[in-house]
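Written below as structure tokens is the structure these notes are about.
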Amino acid sequence: MPQHGLGHKECLVCDFVSILYSFGGEFFDENQNPVFNNEAIQAVQAMVDMVYKYKIVNPSSLMWTEPEVYQAMLNGDIAYSAMWGLPLVDLNNEEISNVVGECDLSLFPSVDGLHPYLVQDSMGWAVSYGTNYPEEACIYNSFQQRKAHLMQH
């Protein structure tokens, strides 16, 4: 049975973001004002329906976080999962995986079939307290975090 990490942790938020965007939803409008639109409501309902109506997500996932999902995937106990990083490295490692050669990666499908999504974390950028170049580091961080750069990467 498929699994999401729906425990009340970061994984729940990440799965919701992917599902929200697959429904065409947004967190912010063009002026960066928060919105909670109909697509967001549909995304939440889809997450509930995956567990209780369609039964394609095991109810135990309501308590799981990434490590439990990851292990279930390695064991071959679930059909799919939303995973971070480089999951194929471990999934194809014969020493720890029961599903070597049986897995692949894909984007989250969209409801309209035209706009698949993924959640990409831009990670945290900071300036070291001890740097000799604090101004340059701030400029570089601003460059790396600009919207146009994040949309490309």
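Read in order, the letters of the sequence shown are residues 4 to 156 in the working numbering.
All C-beta atoms in this analysis are idealised placements derived from N, C-alpha and C, irrespective of residue type, glycine included.
Since the model is a prediction, treat every value here as computed from it, not as a measurement.
For chain D, find out if any of its Cβ atoms is closer than 7 Å to the Cβ of residue i; answer yes or no.
i           : result
residue 139 : Absent here is chain D; the protein component of the structure consists of one chain.
Measuring only the C-alpha atoms, how far is residue i from residue j?
i           : j           : result
residue 138 : residue 131 : 11 Å
residue 94  : residue 64  : 20 Å
residue 23  : residue 35  : 17 Å
residue 91  : residue 21  : 20 Å
residue 97  : residue 87  : 20 Å
residue 81  : residue 136 : 49 Å
residue 105 : residue 128 : 36 Å
residue 46  : residue 146 : 33 Å
Should residue i and residue j be called a contact, given that it needs their Cβ atoms to be closer than 7 Å?
i          : j           : result
residue 25 : residue 120 : yes
residue 60 : residue 53  : yes
residue 32 : residue 85  : no
residue 77 : residue 109 : no
Using DSSP with H/G/I as helix, E/B as strand and the rest coil, what is residue i?
i           : result
residue 19  : helix
residue 146 : helix
residue 161 : Only positions 4 to 156 of the chain appear in the structure, and residue 161 is not among them; the question remains open.
residue 112 : coil
So residue i and residue j are supposed to be a Cβ contact under 8 Å. How far apart are they, rounded?
i           : j          : result
residue 29  : residue 38 : 6 Å
residue 141 : residue 69 : Not quite, the Cβ-Cβ distance comes to about 32 Å (not below 8 Å), so this is no contact.
Look up residue i in the DSSP assignment and give the residues it is bridged to.
i          : result
residue 31 : 37
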